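Everything below concerns the one structure shown next.
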Amino acid sequence: ADDGLRVFENNEFKKINLITKDSVKFISKIISCNNNLWLIGRLGGSMELVNKKTLQTTAISPRLTVTQLYKDAQDNIWIATKDKGILYLDAADIAQNKLQLSAVPAALQFLSNSEINDITGDKEGNIYFATVGKGLIKMLPDKRIEIISTKNGLSSLHVRTAFADKEGNLWIGTNMGIDKLSINKLN
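Here the sequence shown stands for residues 48 to 234, numbered as in the working numbering.
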């Protein structure tokens, strides 16, 4: 909808008024935070929280261009942005309906002003961050990182997307094509 978000309920659409009245209303991602809340990421607007029962909204961040939201196995939410790098919502805060941005692990601080296009995870608990100019960043469960770049055979440092399949492969979309890596060989 060009005027916000709508929810289909009782055979009709109900309008949810988003708080920020920016000219950019494009919703880039919606993710369920817990049983009561949705988090909405927007291109060029604030992130907003929607109570699923009351449909009331709350703005929770400054202007961001959110490209992806990802919930990890521990229910933490990772936020990819176009110009602020990676942001993070802690699962313990989410469980208490307190959604405040937390500091990302120190190993990821070098991405603080980077453009992050995508976030995905694998069954081993690794999280992958698709970046513009820095390749694919792999964060291990212990918060150490590995950089997958053209030095490792990646076709380009401009990574648009990544997807881990059930067979243990990581599919990486770059501006030069699609690369396939075996996750097991990366470990």
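Positions of the beta carbon are idealized from the N, C-alpha and C atoms, including for glycine. It should be emphasised that the depicted structure is a prediction, and the values quoted were computed from it without experimental measurement.
| Item | Value |
| --- | --- |
| Rounded C-alpha distance that separates Ile163 from Ile194 | 14 Å |
| Entirely enclosed beta strand (DSSP E) segments - the segment 125-193, minimum 3 residues | 133-136, 163-168, 174-178 and 183-186 |
| Check whether Val113 and Ile63 have beta carbons under 8 Å apart | no |
| Residue of Glu95, Asn173, Lys145 and Gly88 minimising C-alpha distance to Ala211 | Asn173 |
| Asn222 versus Gln103, Ile77, Gly180 and Ile184, residue with shortest Cα-Cα distance | Gly180 |
| Three-state secondary structure assigned by DSSP to Ile87 | strand |
| DSSP beta-bridge partners of Arg53 | Lys62 |
| Inter-residue Cα distance where the pair is Ser20 and Leu102 | The first residue shown for the chain is 48 and the last is 234, placing residue 20 beyond what the model contains. |
| Expected contact under 8 Å - CB spacing of Ile78 and Ile124 to nearest Å | 7 Å |
| Spatial distance of Lys213 from Ile219 (CA atoms) | 15 Å |
| Pick from Leu204, Leu158 and Asp169 that is closest to Thr128, judged by C-alpha positions | Leu158 |
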